[in-house]
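J.: Under numbering that gives the first Met the number 0, think of the first position of the sequence shown as 0, with each following residue one higher.
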Amino acid sequence: MDNNGLKKVAVFGSTGSVGRQALDIIRAFPDKFQAAGLAAGNNLKLLKEQINEFRPGMYHSSSRIDYTSKFLPLEEIACSPEIDLIIMAIPGSVGLAPTIAAIRSGKTIALASKEILVMAGEHVFKEALQQQVQILPLDSEHSAIWQCLSGEKSKPEKIFLTASGGPFYNYSHTRLKKVTAEQALCHPTWKMGKKITIDSATLMNKGVETIEAHWFFSLPLESIKILIHPQSIIHSLVEFVDGSMKAQLSATDMRLPIQYALSYPERIANSELPRLDLENMSPLTFKAVNYSKFPCLKLALDAARMGDTYPAVLCAADEIAVELFLSGQIAFTEIAILIEKALEKHTCTKQPSLEEILQADSWARSYVRTQGEAL
Ligand code: MN
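#1: Three Cβ pairs or more, each shorter than 8 Å: is that satisfied between the stretch 219 to 237 and the stretch 310 to 329?
#2: Since M253 sits in a beta bridge, which residues does DSSP pair it with?
#3: Please work out which residues of its chain come closer than 8 Å, Cβ to Cβ, to V312, disregarding the five sequence neighbours upstream and downstream, and give them in chain order.
#4: So is S153 buried or exposed if we call it buried at 16+ other beta carbons inside 10 Å?
#5: Between P294 and I336, what straight-line distance do the alpha-carbon atoms span, to the nearest angstrom?
#6: Alpha carbon to alpha carbon, how far is Y259 from E151?
#7: Looking at C-beta atoms only, is the number of pairs between the stretch 13 to 22 and the stretch 49 to 59 that lie closer than 8 Å three or more?
#8: Closer than 7 Å: is that where the CB of E114 sits relative to any heavy atom of the ligand MN?
#9: Output yes or no for whether 8 Å exceeds the beta carbon distance between E238 and E156.
#10: Would you mind listing the alpha helix (DSSP H) stretches within the stretch 110 to 150 that are 4+ residues and don't spill past its ends, in chain order?
#11: Going by C-alpha distance, which of H122, Y170 and D138 is nearest L255?
#12: What is the DSSP secondary structure of H59, reduced to helix, strand or coil?
#13: Classify A101 as helix, strand or coil using the three-state DSSP reduction.
#14: On the premise that L298 lies in contact with I329, defined as a C-beta separation below 8 Å, what is that separation, rounded to the nearest angstrom?
#15: Thinking just about the alpha-carbon of each residue, which of G105, G120, Q146 and M118 is nearest to the one in Q131?
#16: Give the secondary structure of A335 by DSSP, where H, G and I count as helix, E and B as strand, and everything else as coil.
#17: Measure the C-alpha to C-alpha separation of A183 and S92 and round it to an integer number of angstroms.
#18: Exposed or buried, V117, counting other C-beta atoms within 10 Å across all chains shown (16 or more means buried)?
#19: Indicate the three-state DSSP secondary structure (helix, strand or coil) for E318 in the structure shown.
#20: Kindly indicate which residue of L236, D23, N42 and P72 has the alpha-carbon position closest to the one of F53.
#21: So, does the stretch 265 to 278 touch the stretch 191 to 207, judging by three or more C-beta pairs under 8 Å?
#22: At which residues does the alpha helix (DSSP H) containing K7 begin and terminate?
#23: By Cβ distance below 8 Å, which residues in the same chain neighbour H186 in space, the five residues on each side in sequence not counted?
#24: Throw me the rounded Cβ distance for the F376 and I158 pair, which I believe falls under 8 Å.
#25: Any heavy atom of the ligand HEM closer than 7 Å to the Cβ of E140?
#26: Nearest to G15 by alpha carbon, out of A101, I86 and G192?
#27: Which two residues bound the contiguous alpha helix (DSSP H) that contains L226?
#28: By how many angstroms is the C-alpha of T188 removed from the C-alpha of H234?
#29: Determine the closest residue to M244 out of Q146, E278 and A38, with distance taken between C-alpha atoms.
#30: Tell me the DSSP secondary structure of A200 in three-state form.
#31: Report the option in P351, I334, L236 and A111 whose CA atom is closest to the CA atom of L175.
#32: Which one or two residues does DSSP pair with G36 in a beta bridge?
#33: Let me check one thing: in DSSP terms, what residues is E48 bridge-paired to?
#34: Determine the closest residue to D317 out of P90, P136, I102 and G306, with distance taken between C-alpha atoms.
#35: Are I223 and L275 closer than 8 Å when you measure CB to CB?
#36: Go ahead and pull the three-state DSSP assignment for Q182.
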């Protein structure tokens, strides 16, 4: 932070859903935050607009599009002394190397990219501990748990990750087979990117979030429960040894957890964020999750228990399977079938290095692509 208390932020994945909402927060508080670095993939048109608006000192994208700002590799932006905090919201495994680089140069990281912890949670938190670096969650569930644990000296006995259940929670298996990409992209409570919307419909997202919670809060997998809560008002809960529970409630708007991570340890008033109206709200309901209907969730938890390179295979296989589903090449129910095959066929590497994790990732990608074409 500079002398004026301005936090200089690099937004990795600035054209995606989380990245755009992070820039909404940065835009709303020009005296608190500055977008000092931007990085995006292929949406060059939007990135160019963002560069023109925020005038970052540095940027990265699939090709050079601006000469007023320095064009740098992701790792160099991650390590730059001009950056205080990194919003890591690049999907897939691409964010892993820059995240490690950022930790090694002592940067605070607000983490949205789920794959990073699933693939390499052990590496990431080991490095973070060594460097005394904070890794802050951006996802609504993990932010909720983080907020519930704030000020608590005792670890929770259990945490409950809430799940809306997605658009197909009440569908039969036969009906699930015929689900189209268009239907799957309509999430009942959250507006998000395509990949995560499909992952919410298969409940893969909740499996992945369980693995993330395991690393974020260093809790055993058995202490992390999933609870179906269709209204998405309670973003997660914690339960302590004495039976006391704490929950975090707010409107379903990702800008709140993003703002909390940016302003932490302060809270700031933002009139653009919606409020809950408890008196006129529909009842909050909870039910147990049906694992047999959502095999992706079970596969994620299995991969988490097996550990080593299995979680990396899970993520990579899911990414390609979702891509094949979105392009109409496989059925909704075949997403789980492809991931299961990849996990079965994978030759695991014990205590993998980052390089071996990335090898498992690329093996799974090509395996699922070939298998998917054969279906
Ligand atoms: Mn979430």
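Using N, Cα and C, we set each Cβ at its ideal position, and we do this for glycine too.
Bear in mind that the values here come from a model prediction, so they are computed numbers and not experimental data.
T.: On the basis of the data shown:
#1: no
#2: DSSP, once it has assigned bridges, lists no residue as partnering M253.
#3: Leaving aside the five residues that flank V312 on each side, the residues in its chain whose CB is nearer than 8 Å to its CB run, in chain order, A302, A341, L342, H345, A359, D360, W362 and A363.
#4: The residue in question, S153, is exposed, as its Cβ has fewer than 16 Cβ neighbours within 10 Å.
#5: Distance between the alpha carbons of P294 and I336 is about 9 Å.
#6: 18 Å
#7: Result yes; three or more Cβ-Cβ pairs closer than 8 Å.
#8: no
#9: The answer is yes: Cβ separation under 8 Å.
#10: Whole alpha helix (DSSP H) segments, 4+ residues: 113 to 130 and 139 to 148.
#11: D138
#12: strand
#13: helix
#14: The C-beta separation of I329 from L298 comes to about 16 Å, leaving the pair out of contact by the 8 Å criterion.
#15: G105
#16: helix
#17: 24 Å
#18: buried
#19: helix
#20: D23
#21: no
#22: That residue, K7, is in no alpha helix (DSSP H); its beta strand (DSSP E) goes K6 to F11.
#23: S163, G165, P166, T196, S199 and A200
#24: The requested residue 376 is not part of the displayed model; the chain covers only 0 to 374.
#25: Questions concerning the ligand HEM fall outside what the structure shown contains, since the ligands it does hold are the ligand MN.
#26: G192
#27: Segment I223 to I227 is the beta strand (DSSP E) holding L226; no alpha helix (DSSP H) there.
#28: 12 Å
#29: The shortest Cα separation from M244 among Q146, E278 and A38 belongs to Q146.
#30: helix
#31: The shortest C-alpha separation from L175 is found at I334.
#32: Partner(s): A9 and M57.
#33: None, per the DSSP bridge assignment.
#34: Nearest of P90, P136, I102 and G306 to D317, Cα basis: P90.
#35: No, they are not a contact pair.
#36: helix
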